[in-house]
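Student: First, the structure itself, so that you have it in front of you.
4 protein chains.
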Amino acid sequence: MVFHNDKVTGLRIAYIGGGSRGWAWGLMSDLAAEPALNGTVSLYDIDHEAAKHNEIIGNNYKNALGAQSVWKYKAVKSLKAALAGADFVVISILPGTFDEMESDVHTPEKYGIYQPVGDSTGPGGLIRAYRTIPMFIEIAEAIMKYAPDAWVINYTNPMTLCVRTLYEVFPKIKAFGCCHEVKGTQALLAQAISEILDGDCPGDTDFYTNVQGVNHFTWINEATWRGVDLLPVYDKFIDYVRAESIDTQEKDNWANKHFRSQNAVKFDLFKRYGVIAAAGDRHLVEFLPAWYVKTPEVAESWSFGLTTVKSRKEGLQKRLAKSEEMRSQKEPYKLRLTGEEGVKQIKALLGLGNLLTNVNIPNSGQLSNLPNGPVVETNALFTYDNVIPVNAGDMQWDVKILVERIIHNQETILKAVFTGDKELGFRAFLGDPQMCISMDDAHALYEEMIANTKQYIPWIK
Amino acid sequence: MVFHNDKVTGLRIAYIGGGSRGWAWGLMSDLAAEPALNGTVSLYDIDHEAAKHNEIIGNNYKNALGAQSVWKYKAVKSLKAALAGADFVVISILPGTFDEMESDVHTPEKYGIYQPVGDSTGPGGLIRAYRTIPMFIEIAEAIMKYAPDAWVINYTNPMTLCVRTLYEVFPKIKAFGCCHEVKGTQALLAQAISEILDGDCPGDTDFYTNVQGVNHFTWINEATWRGVDLLPVYDKFIDYVRAESIDTQEKDNWANKHFRSQNAVKFDLFKRYGVIAAAGDRHLVEFLPAWYVKTPEVAESWSFGLTTVKSRKEGLQKRLAKSEEMRSQKEPYKLRLTGEEGVKQIKALLGLGNLLTNVNIPNSGQLSNLPNGPVVETNALFTYDNVIPVNAGDMQWDVKILVERIIHNQETILKAVFTGDKELGFRAFLGDPQMCISMDDAHALYEEMIANTKQYIPWIK
Amino acid sequence: MVFHNDKVTGLRIAYIGGGSRGWAWGLMSDLAAEPALNGTVSLYDIDHEAAKHNEIIGNNYKNALGAQSVWKYKAVKSLKAALAGADFVVISILPGTFDEMESDVHTPEKYGIYQPVGDSTGPGGLIRAYRTIPMFIEIAEAIMKYAPDAWVINYTNPMTLCVRTLYEVFPKIKAFGCCHEVKGTQALLAQAISEILDGDCPGDTDFYTNVQGVNHFTWINEATWRGVDLLPVYDKFIDYVRAESIDTQEKDNWANKHFRSQNAVKFDLFKRYGVIAAAGDRHLVEFLPAWYVKTPEVAESWSFGLTTVKSRKEGLQKRLAKSEEMRSQKEPYKLRLTGEEGVKQIKALLGLGNLLTNVNIPNSGQLSNLPNGPVVETNALFTYDNVIPVNAGDMQWDVKILVERIIHNQETILKAVFTGDKELGFRAFLGDPQMCISMDDAHALYEEMIANTKQYIPWIK
Amino acid sequence: MVFHNDKVTGLRIAYIGGGSRGWAWGLMSDLAAEPALNGTVSLYDIDHEAAKHNEIIGNNYKNALGAQSVWKYKAVKSLKAALAGADFVVISILPGTFDEMESDVHTPEKYGIYQPVGDSTGPGGLIRAYRTIPMFIEIAEAIMKYAPDAWVINYTNPMTLCVRTLYEVFPKIKAFGCCHEVKGTQALLAQAISEILDGDCPGDTDFYTNVQGVNHFTWINEATWRGVDLLPVYDKFIDYVRAESIDTQEKDNWANKHFRSQNAVKFDLFKRYGVIAAAGDRHLVEFLPAWYVKTPEVAESWSFGLTTVKSRKEGLQKRLAKSEEMRSQKEPYKLRLTGEEGVKQIKALLGLGNLLTNVNIPNSGQLSNLPNGPVVETNALFTYDNVIPVNAGDMQWDVKILVERIIHNQETILKAVFTGDKELGFRAFLGDPQMCISMDDAHALYEEMIANTKQYIPWIK
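Chains as they are written, first to last, in the working numbering: chain U, 373 to 833; chain P, 373 to 833; chain V, 373 to 833; chain X, 373 to 833.
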């Protein structure tokens, strides 16, 4: 890597989960569009074939319309080969297959627990964490060994526990997690500005939102735009949306298009708590007791979908076809920018300009009334080789309680996996907000879900 | 009050709720049995008639068989009259009538929430707190004005919020709360010693139990007796009880006799968490989600009763009759010692010997991984004019989470009442572990319960 | 105040100490040079004559060469008149006269304590705080009453205790303190870049320095510039300066020119502690025991001056003459920008662009291993109507100890003044690092210094 | 070890430093006087000859007048031999010889620093810690290996750092430190009761003193006796002592008789701070800056002695003669009880009755406004296999500052030795309250003291 004339050349990026047929293509676009950087991306995936396919696709991106830089992509066969010499590591993996995800999401329905996503919290999130944490232990150990100075960017869910595991294994790791959910809420604020203030708010640089919480259960307690306090604006916007039945779905975010909601939960939470929940409704409801998902009918009444894993499986087929099509270069490549901040973050960490954005890292005081250590989501200042949390202050008391409960349970899950303690894990399972069922049912559900995913959790004998 | 030759004479005790037909008679017995003290007890009650009746009964106790001291009882008509000059204040009141209690306990059943007691937590505990806190605000203000140096002993439920209110209004108050539930668990330990070790454990002085938690949701994480660790003994005892279907009900505690349980929940919690839950099953299940009370059938399967308020109303009739009988002195009085520690505590605070016992006071570090300020239950050393908490250490992580959740919610209830914020109160209501219902149901239940008790909660407009 | 087209017009600034013949003129220059703002400045001073003189001078600035905006200046006779309607309040006062300052600085010399400045800490700083805190109590009360929503910028020393007093009286005040000392150290870093790296580092936007500590005893534990870690660069620079006897005095800062040092203490501290002390040597040595000022000879050996108050009195004469000259407008005005960030901060708080800079505000977690509440100096993000501390992390253990000691003593001084407790104040006096004298001498010195300044400290009877 | 009928037989005690000619004989007396215990004491000492002598003496104690139990003493040649199978470990060693102690105490005098004892703090205490910590690392490792379940009682100075080292090496160690200084202050309180109240206060069970601080720098902020607050009594007592020139020296404590003071410092501190310093003046002054020891004349004016190591060397000669005399059994042995609480503590830990006393253990919240981890001195409850700290509450703000400074510096010393960082150690040296000298002098003194003791600090290359 060479820093010269406000450019960095010869950058080395390791992509773990490099066979991905979504995030990987997005990153390829974003990198190709960036004139200030170039270098090599090593693609590692347990599905080596998929990585090889992405090597072909990645190397084609230099020909895309509007490409500003040339990157070399190379599929490799081991974590070591990917990591050695890396300046940055990107992690975006699927822990297990859609079959395990099917159990995560749908088995609890037999006992009356409904999960729209099932990847971050709830019984599904816990079992997914059971599979994912061991993988992240292996990744963290490899980073400690082969790339201890690299910056690590995680996109995998459960976000909080993934990043937390990296720090647990290797406390000096320079890792953080990125998620676009807060951007979605900022887009909603922009819509509010437009509707209520007749303002034109072109991008996120124009407003300041103070972000507090954990990934997918983040909250905004302050939002300003050009000298205006946006919270009362948002309040009026909700009334307007309700009165006029305005459509507030995000339409143009490629990642969200199959997973719609009308923000009815987010709006109800604002009216009750006075602060803005900053993730999608489908995520939010999973961090709370049965309030919005007691039954499918209750969910329906709040206008969000209970995504089936069947739809995800269908999506996969489409992406496999797309991969083949891209490899064949039938059509000229187009740059489809993700709107993710990964490349901006990389630039800031290289010393190419400071960046203020939200990020998932261990709390070291930025959320002043939550415990230090667990991973939280707040704003941070990205500067040369440093991610410095910005003080997000105290969370509002009654929202803090909701978030702290999640943090506590996630810490318990972490301990359970690290110590191989299935019974401690069950106590975490019991502790989940959605666990409004009898002790006997809870135990039966736990055993059934474990049985369904057992090949990925060898730590449970 | 005069301290002379290891006796204290001329002590002045104010009894708020002095018309009580239970606690009051117990205290009269205990005082009469104590040779080292004498003095005057002022009885104050909003039901002045009841206080007058107790004046008669109290003054009769000097004639009881075995009485060691003479106390003068006097019904008074105002808090001021009761408190002026008091050395000690005893508070034992019923907030509202059994009609309000009926709504507390039984209205939630319509929405699928079952409460065996409904006085400490759950929707019933919250609404009871709504009634009680304003009364305790008035009491605390009167103490601050008329008896700021007196020691205050509370027996009223919800214990934690009653004591917490006293300190919130008058931070320098010298108050604590007493509860006999931990004694019940110590009796169970004595039974375990007897069954498993063939030991004879005559009283609580022989063992040390480290108490942690909040009232009615207390836990014992260390218990020793003559060089023996009692936790494995308790574990074996549970196996033995289950195998042999032993009866472990407390039989001789007058206060508990109508409210039986077989400790099945307490035993299950020990097997799951490894520490001893130290309150009765009927209380314990209310501090947890639906695990043990999802339905009446689930409750039945754990062998504890869902006490009806109807039975309480019947009990009241018997006590009214008893009061009349006692006033008539038909039969000679007997001293029926309560086993409560109130009189021992009074003696220790007067300088008549140190006492180590469990007590409810604000956390000032004794529970080192719980926040300071809220009222917790741990051991404390009673010495002259001082109640010094003994370090109870950290609570075990997964139990701490359960307790902290309760603490947080109780703090929210307190704030709601003090600020008159009905919506904040609803957020506390939502935050209760038992609130496993939909948002719409929760809101309907809240409004219905408030309507049923509205004359006692003028702070809600 | 009107926000329109990226400009703010009709801004109202209250200047307390508006008769100042230094800071006030600097602010006038800075405001005149700023095209995006205009408005009115109310000048309040207990020396109303001085304020009237500054009214004339201020109103002349619109004619200065290069002036970009027109400001109206108006001397007023009361705090109320100055504050009513103010958007911003600037405080820059001299507590007492140079006679009191003479005692602050020179009386301790009789007992073997030498202070180069005597305004922030040491016996001189304590007595100056005794005079200043009552004035700031009055100011804070007036702000609470007449301008509770205004932002308050303090320049007065002792900086930490002045800002701390504002928050103690009015916890919701929006106040912060500004000081240019850290800028001086950043200039030294720029010199190091130039000498060691042959780099050209034109301004502070190019590097990131993490600031930690209290005013005049601040430390930089991280400094980077275009991808370079500056701490080893600074280390080499020190060796080079020592080997070549390079002159490292700041020459062009108007405020510092009479108060030179060669940074020998700052360099010795870096070699010992490994982090950069970020204030001038004359300030730094006062926060430490006798290490660098045991005797005047020791001070001489470290190449910094023991500034006499005599020189300050002479300076005052020159400034009085300058004031007369300026009022007469003999020569055309020139804009002499201060390099202070006051105007940039005002713009950021108005919503005219974010600003990252160092600032003095109460710790709310930004210095994570120091107590919350006391005023500390770290970086903060200025955004619309908000000053958000950036996490400065933990201070290095052995430096933290030095700083925490100062914080503790300052808190004690605060309590002493607020409670009128002269003896508690003496214990703070004893607790100062420089108090390496016998108990009897300490007491005699305390009484003597109090006697010398007694007309300004009516709270000591 | 067998527990039977309220006795414990076959107890095994390891005595490290078992050649001691003071503490060891005291323990022998105390054990012989205790009817409820018997067993074996292994004596280990690097001076094996001395241990052999004590084996003879120890075994003679069974013949002492009034002996209640028979103990077997055995000199052993290794830590392993001493520790294997031990129930209790007593540590009382001299780190180095009186020659090193001579440098500790007297070398600083050349630079103007006077230390009456030089074993706990100050430059002497630091260098003594440099020698002692490595020895305690070795001891802790041996305990972890050979006697991990034994209770460990330390008497060696520097007490705080010795106990702290044990926990640093072996966090699960069951260790505490004992010191009789607080008892001395309790005796002074008894004298106050006698003089001022005409009370007869026969022993420590009659009063409650709340102990706070670190060893030799402990404070009593609450003291009561039979319903009386003793702080005003102590205040009057001081006035009386000063007015009447009463002798307040302890006369009958064998350990203190050569080391007199008139408590003038303790009394002055009470008059200034309002709480009782609970160690001897000779210790107290060393934890403070030059206030009471600026010069030998200042020390003289406060009526305490600057003990010379010469006198200690003379004392040693007398004890050597005494050892020979005892081995020859010329005269019948007498039991000379130490008044130390070691044997009472052993009994309580065995389950033979609870004990409340002061003790040195890591802070886990008992001193609520001091950091957790460092070793502090407070009351604790000794019960079966447990030492439970009693909440000592917050230290008074201005006293806390004094104590916290010591704690911080001791933690720095610990880190310096554990990491072998001589320069960090120098920063601790600089941080000592007595270090009121110039940087150059401090550095010269540090190097000289290290040179004088270098054979015992191999960790400094």
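Backbone N, C-alpha and C fix where the C-beta goes; we use that ideal spot for every residue, glycine too.
#1: Along chain U, in chain order, which residues have C-beta atoms closer than 8 Å to that of residue 376/P?
#2: Would a C-beta distance cut-off of 8 Å place residue 726/V and residue 749/V closer than the cut-off?
#3: Would you list the residues sitting across from residue 384/P in a DSSP beta bridge?
#4: Let me know if residue 626/X comes out buried or exposed under the rule of 16 or more other beta-carbons within 10 Å of its beta-carbon.
#5: Strictly below 9 Å CB to CB, what residues from chain V border residue 810/X?
#6: State the start and end residues of the unbroken beta strand (DSSP E) segment that holds residue 594/P.
#7: Could you tell me which whole beta strand (DSSP E) segments of length 3 or greater appear in the segment 503-548 of chain P?
#8: Please name the residue in 504/U, 516/U and 540/U whose C-alpha comes closest to that of residue 531/U.
#9: For residue 601/P, name the three-state secondary structure that DSSP assigns.
#10: When we look at the beta-carbon of residue 616/U and count the other beta-carbons within 10 Å, is it buried (16 or more) or exposed?
#11: Kindly list the residues whose CB is nearer than 7 Å to the CB of residue 514/V, restricted to its own chain and excluding five residues on each side of it in sequence; keep chain order.
#12: Find out if the Cβ-Cβ distance for the pair residue 488/P, residue 657/P is shorter than 8 Å.
#13: For residue 784/U, write down the residues that DSSP places opposite it in a beta bridge.
#14: Any C-beta of chain U sitting closer than 8 Å to the C-beta of residue 734/V?
#15: If the cut-off is 9 Å on Cβ atoms, which residues from the segment 744-770 of chain U count as contacting chain B, listed in chain order?
#16: Give a yes or no on whether the minimum CB-CB distance between residue 796/P and chain U is below 8 Å.
#17: For a quick check, are the C-beta atoms of residue 392/X and residue 464/X less than 8 Å apart?
#18: Leaving out the 5 sequence neighbours to the left and right, which residues in its chain are closer than 7 Å to residue 554/U when beta-carbon positions are compared?
#19: Short of 7 Å in beta carbon distance, which residues of its chain neighbour residue 678/V, apart from the five on each side in sequence? Order them along the chain.
#20: Taking the alpha carbon of residue 438/V as the reference point, which residue from 418/V, 696/V and 407/V has its own alpha carbon closest?
#21: Is residue 763/X closer than 8 Å to residue 738/P when the C-beta atoms are compared?
#22: How should residue 715/X be labelled, buried or exposed, when 16 other C-beta atoms within 10 angstroms of its C-beta is the threshold for buried?
#23: If you run the structure through DSSP and keep just helix, strand and coil, what is residue 796/X?
#24: Bridge partners for residue 752/X per DSSP, in chain order?
#25: Between which two residues does the beta strand (DSSP E) containing residue 443/X stretch?
#26: Given that residue 598/X touches chain P, what residues does it touch there, using C-beta distances under 8 Å?
#27: Hey, does residue 780/U have any beta-carbon neighbour from chain P nearer than 8 Å?
#28: Residue 794/U to residue 581/P, Cα distance in whole Å?
#29: So, is residue 482/U buried or exposed, given that buried needs 16 or more other C-beta atoms within 10 angstroms?
#30: Contact criterion: CB-CB distance below 8 Å. Does residue 814/P meet it with respect to chain U?
#31: For residue 580/V, return the contacting residues in chain U, with the cut-off set at a CB-CB distance below 8 Å.
#32: Under 8 Å, Cβ to Cβ, is there at least one residue of chain X near residue 496/V?
#33: Pick out whichever of 646/X, 783/X and 652/X has its Cα sitting closest to the Cα of residue 557/X.
#34: At the 8 Å Cβ level, is residue 576/U part of the contact set with chain V, yes or no?
Tutor: Taking the geometry as given:
#1: By Cβ distance, chain U contributes nothing, its closest Cβ being about 51 Å from residue 376/P, past 8 Å.
#2: no
#3: 412/P
#4: Low per-residue confidence applies at residue 626/X: pLDDT is 39, beneath 50, and the placement is therefore not dependable, though the value from the model is reported in the following sentence. Counting Cβ neighbours within 10 Å, residue 626/X comes out exposed, since fewer than 16 surround it.
#5: 662, 663, 664, 665, 666, 667, 670 and 673
#6: 589-597
#7: 523-526
#8: 504/U
#9: strand
#10: exposed
#11: Cβ neighbours of residue 514/V beyond the five flanking positions: 451, 452 and 455.
#12: yes
#13: For residue 784/U, DSSP records no beta bridge to any residue.
#14: Taking Cβ atoms only, chain U never reaches closer than 8 Å to residue 734/V, which makes this a no.
#15: Among the protein chains in the structure shown, which are U, P, V and X, there is no chain B.
#16: yes
#17: Against a cut-off of 8 Å, the Cβ pair of residue 464/X and residue 392/X comes out as a contact.
#18: Around residue 554/U, the same chain offers 583, 590, 650 and 730 as residues with beta carbons nearer than 7 Å, after the five sequence neighbours per side are excluded.
#19: Cβ neighbours of residue 678/V beyond the five flanking positions: 486, 488, 668 and 671.
#20: Selected option, being the one with the closest Cα: 407/V.
#21: yes
#22: buried
#23: helix
#24: 729/X and 761/X
#25: 443-448
#26: 375, 723 and 756
#27: yes
#28: 29 Å
#29: In this structure residue 482/U is exposed. Its beta-carbon is surrounded by fewer than 16 other beta-carbon atoms within 10 angstroms.
#30: yes
#31: Proximity of chain U to residue 580/V at the Cβ level (cut-off 8 Å) is accounted for by 726, 755, 756 and 758, in chain order.
#32: no
#33: 652/X
#34: Residue confidence for residue 576/U is low, a pLDDT of 49 falling below 50, so the modelled location carries little weight and cannot support an answer.
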